[in-house]
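Numbers 1 to 441, taken from UniProt numbering, label the letters of the sequence shown in order.
By construction, the Cβ of each residue, glycine as well, lies at the ideal position given by its N, Cα and C atoms.
Quantities reported herein were computed from a predicted structural model and do not represent experimental measurements.
Let me begin by presenting the structure, written as structure tokens, before commenting on it.
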Amino acid sequence: MSSHPMFKTCVAHFRPAVPSRGRAQVWRQATFHGRGARYQSARQFASHSVKVNGQRLWDSIHHTAQWGDSQDGGVKRLTLTDEDQKVRSWFTETLTAVGCKVKVDQVGNMFAVRPGANMALPPIAMGSHLDTQPAGGKFDGILGVLGGVEVIRVLHENNVVTQAPIAVVNWTNEEGARFNSGMLGSSVWGGMIDLDEAYSIQDVEGTTFRAALERIGYLGSEGASHKNNPLAAHFELHIEQGPVLEDTNKTLGVVNGVQAMGWTYVTVHGHSQHCGTTPMDRRNDALLAATKMIPQINVMARETEGMSTVGVFNSEPSSPGTVPGKVRFSVDLEHLDNDARDLMVKRTKEICAEVAEQEGCQVTFEDTWVSRGVRFNPLCVETVTEVAEELVGKDGFVTLPAGAGHDSVNTSHHCPTSMIFVPSKGGISHHPSEWSTQEHW
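This is how it looks when you write it as structure tokens:
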């Protein structure tokens with residue numbers, strides 16, 4: 001048995017809440033019942049002997065990795081595929097067996113709710129995602145879901161009754177790897193994306209999001225909205241996906257917010273011509289123009305203390321004997337400050353326009369996804385901080401912002417939210433070698 005940070009944060013610090021502007025304050029006033037005892041404070045409950053089974057959590061991580069096993073140590077489990085269907089079925093069966101009712105909304109978000117003493121209160125949630133990148137690892141996203149599953153199992157085994165219901169949430173298409181809109185399920189729930197717009201998004205094979213939901217049986221009937229499925233609070237356990245915790249020898253990260261980020265697709269329009277008969281000074285080479293744009297975008301990002309990444313790059317007609325006439329590439333732009341990121345987007349478009357003109361090309365832009373930076377609820381951050389101090393001491397954790405997009409960004413607009421990070425070996429994520437060690441839970 002171990003004292004897992006998710007358990008102590010999401011159980012010892014669960015407080016009932018009401019759907020109002022004062023939700024965070026009411027949320028702080030919980031009473032818990034377990035084995036005949038009453039707990040009036042978080043620390044009092046946290047000191048109780050109830051602990052998670054760390055080995056079982058570890059085993060669950062490796063058990064679920066079979067669905068999408070990529071045979072190189074990683075996992076490829078794109079959203080709404082057969083592999084995703086199988087892990088969703090496991091999620092449902094496992095939590096139903098310990099007293100939860102599992103609801104599925106119109107975009108496939110899954111809410112496994114364990115009853116509380118007062119069912120008039122909205123549930124306090126532990127949430128993350130089960131989908132992965134095409135070359136993903138065993139821990140990204142699923143650690144937060146399985147951490148929640150383990151909490152529910154322990155509550156059930158110890159007959160603990162919480163005042164408010166407790167939920168484990170699997171948010172659909174967080175990665176955006178199959179359907180090109182990251183955090184899609186939580187975005188619809190949060191009202192950032194319209195339901196019909198989400199349904200119309202297609203994967204590379206032309207399958208719509210709605211059709212994929214129908215195919216695997218996860219086009220649910222519950223309204224996909226925070227109004228239909230309100231949450232009192234949302235906690236997300238996650239691997240850091242970066243090197244800070246490991247480099248500073250910290251065991252836990254208390255996440256106080258998430259930086260601004262988004263994707264802009266740049267399309268460079270040149271003219272396809274015969275490479276042997278077209279003089280160099282008569283070419284409109286879209287690929288040449290694109291390769292001049294990208295380094296300048298990189299320099300701009302460094303100068304503004306932000307980050308830029310080109311992750312998708314396609315050239316047409318992709319023939320060794322033809323001058324490329326069209327290139328499309330993605331630019332991920334991120335910054336801790338929303339205004340600074342807006343400026344990065346503006347400068348990216350200016351850079352591309354200038355280079356395109358110099359190379360005799362045209363350029364167009366498509367902003368496909370934007371996630372504004374957020375600061376998490378101070379009371380939630382304080383709660384995680386209290387638990388971190390108790391578990392690892394003041395020198396064992398660090399407070400930091402998240403550098404990647406998470407569903408907690410969207411929940412933070414509608415309920416008190418925070419996140420907990422555990423170290424990533426080598427800072428590696430979105431790769432088969434992604435790894436976190438059992439000692440951190």
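Contacting residues, own chain, Cβ-Cβ under 6 Å from residue i (five flanking each side not counted)
{"i": "GLY73", "result": "PRO432"}
{"i": "GLN55", "result": "none"}
{"i": "HIS129", "result": "GLY141, TRP171 and GLU174"}
{"i": "GLN85", "result": "ILE216"}
{"i": "LEU219", "result": "LEU213"}
Cβ-Cβ distance between residue i and residue j below 9 Å
{"i": "VAL188", "j": "ALA224", "result": "yes"}
{"i": "THR368", "j": "VAL266", "result": "no"}
{"i": "VAL268", "j": "VAL381", "result": "no"}
{"i": "MET344", "j": "MET300", "result": "yes"}
{"i": "ALA233", "j": "ASN377", "result": "yes"}
{"i": "VAL312", "j": "LEU155", "result": "no"}
{"i": "SER330", "j": "PRO324", "result": "no"}
{"i": "VAL75", "j": "ASP82", "result": "no"}
{"i": "VAL87", "j": "GLU222", "result": "no"}
{"i": "GLY116", "j": "THR162", "result": "yes"}
{"i": "residue 476", "j": "VAL107", "result": "The question about residue 476 has no answer here: the residues shown for the chain are numbered 1 through 441."}
{"i": "GLY262", "j": "SER408", "result": "no"}
Among the options, the one whose alpha carbon lies nearest that of residue i
{"i": "ASN249", "options": "LEU80, SER60, THR81 and LYS394", "result": "LYS394"}
{"i": "GLU197", "options": "ILE61, PHE179 and LEU121", "result": "PHE179"}
{"i": "VAL374", "options": "ASP131, ALA260, PRO243 and HIS271", "result": "ALA260"}
{"i": "LEU143", "options": "ALA177, THR368 and ILE420", "result": "ILE420"}
{"i": "ASN298", "options": "THR309, LEU288, ALA290 and ALA289", "result": "THR309"}
{"i": "ALA353", "options": "VAL363, LYS346 and VAL345", "result": "VAL363"}
{"i": "THR383", "options": "GLU236, GLU222 and GLY68", "result": "GLU236"}
{"i": "ALA388", "options": "THR251, PHE365 and CYS275", "result": "THR251"}
{"i": "LEU245", "options": "LEU57, ILE428, HIS63 and SER424", "result": "SER424"}
{"i": "LEU78", "options": "ALA177, ALA120 and VAL102", "result": "ALA177"}
{"i": "ASP337", "options": "ILE239, THR437, GLY257 and VAL52", "result": "GLY257"}
{"i": "GLY185", "options": "GLU205, ALA167, GLY206 and LEU213", "result": "LEU213"}
{"i": "THR322", "options": "ALA290, ARG283 and ALA289", "result": "ARG283"}
{"i": "ILE124", "options": "GLU359, ALA290 and THR411", "result": "THR411"}
{"i": "MET126", "options": "ASN118, MET119 and MET110", "result": "MET110"}
{"i": "LEU231", "options": "VAL168, HIS335, TRP435 and ASP285", "result": "VAL168"}
{"i": "CYS415", "options": "LEU400, ARG302, THR277 and LEU379", "result": "LEU379"}
Assigned secondary structure, residue i (DSSP; H/G/I helix, E/B strand, else coil)
{"i": "ASN284", "result": "coil"}
{"i": "TYR218", "result": "coil"}
{"i": "VAL370", "result": "strand"}
{"i": "GLU236", "result": "strand"}
{"i": "VAL168", "result": "strand"}
{"i": "residue 443", "result": "Examination of residue 443 is not possible in this model, given that the chain is present from 1 through 441 alone."}
{"i": "PHE313", "result": "strand"}
{"i": "ALA30", "result": "Unreliable positioning characterises ALA30 in this predicted model, as indicated by a pLDDT of 38, which lies under 50. A coordinate reading is not provided."}
{"i": "GLN163", "result": "coil"}
{"i": "ALA301", "result": "helix"}
{"i": "THR267", "result": "strand"}
{"i": "SER418", "result": "strand"}
{"i": "GLN296", "result": "helix"}
{"i": "GLN438", "result": "helix"}
{"i": "VAL204", "result": "coil"}
{"i": "GLY190", "result": "helix"}
Residues near residue i by beta carbon distance below 7 Å, same chain, minus five either side
{"i": "ALA340", "result": "THR304 and GLY306"}
{"i": "CYS100", "result": "ALA112, VAL113, ARG114 and ILE152"}
{"i": "HIS413", "result": "GLY190"}
{"i": "VAL98", "result": "ILE152, ARG153 and HIS156"}
Residue range of the alpha helix (DSSP H) that includes residue i
{"i": "MET307", "result": "Not the alpha helix (DSSP H): MET307 falls in the beta strand (DSSP E), residues 307-309."}
{"i": "LYS346", "result": "338-358"}
{"i": "HIS180", "result": "The displayed chain sequence assigns Asn, not His, to residue 180. Run containing ASN180: none; DSSP gives neither H nor E here."}
{"i": "PRO401", "result": "Here PRO401 belongs to no alpha helix (DSSP H); instead the beta strand (DSSP E) covers 397-402."}
{"i": "HIS62", "result": "54-64"}
{"i": "ASN410", "result": "407-411"}
{"i": "LEU391", "result": "378-392"}
{"i": "LEU146", "result": "142-157"}
{"i": "GLU90", "result": "Strictly speaking, residue 90 in this sequence is Trp, with Glu absent from that position. It spans 82-96 - the alpha helix (DSSP H) in which TRP90 sits, taken as one unbroken run."}
Endpoints, beta strand (DSSP E) assigned at residue i
{"i": "SER200", "result": "Segment 195-200 is the alpha helix (DSSP H) holding SER200; no beta strand (DSSP E) there."}
{"i": "ASP332", "result": "326-335"}
{"i": "VAL244", "result": "Taken as a continuous stretch (DSSP letters only), VAL244 belongs to no beta strand (DSSP E), being part of the alpha helix (DSSP H) at 244-247."}
{"i": "ALA135", "result": "Segment: none, ALA135 is in no beta strand (DSSP E) and carries neither H nor E."}
{"i": "ARG114", "result": "110-114"}
{"i": "VAL254", "result": "252-258"}
{"i": "GLY99", "result": "No beta strand (DSSP E) holds GLY99; DSSP gives it neither H nor E."}
{"i": "GLY127", "result": "124-128"}
Nonlocal neighbours in the same chain, by C-beta distance under 8 Å from residue i, ignoring five residues either side
{"i": "HIS430", "result": "GLN133, ALA135, GLY136, GLY137, ASP140 and GLN241"}
{"i": "SER181", "result": "ASN173, SER187, ILE193, ALA198, ILE201, THR368 and TRP369"}
{"i": "PHE365", "result": "THR264, TYR265, VAL266, THR267, LYS349 and CYS352"}
{"i": "ASN314", "result": "VAL327, ARG328 and PHE329"}
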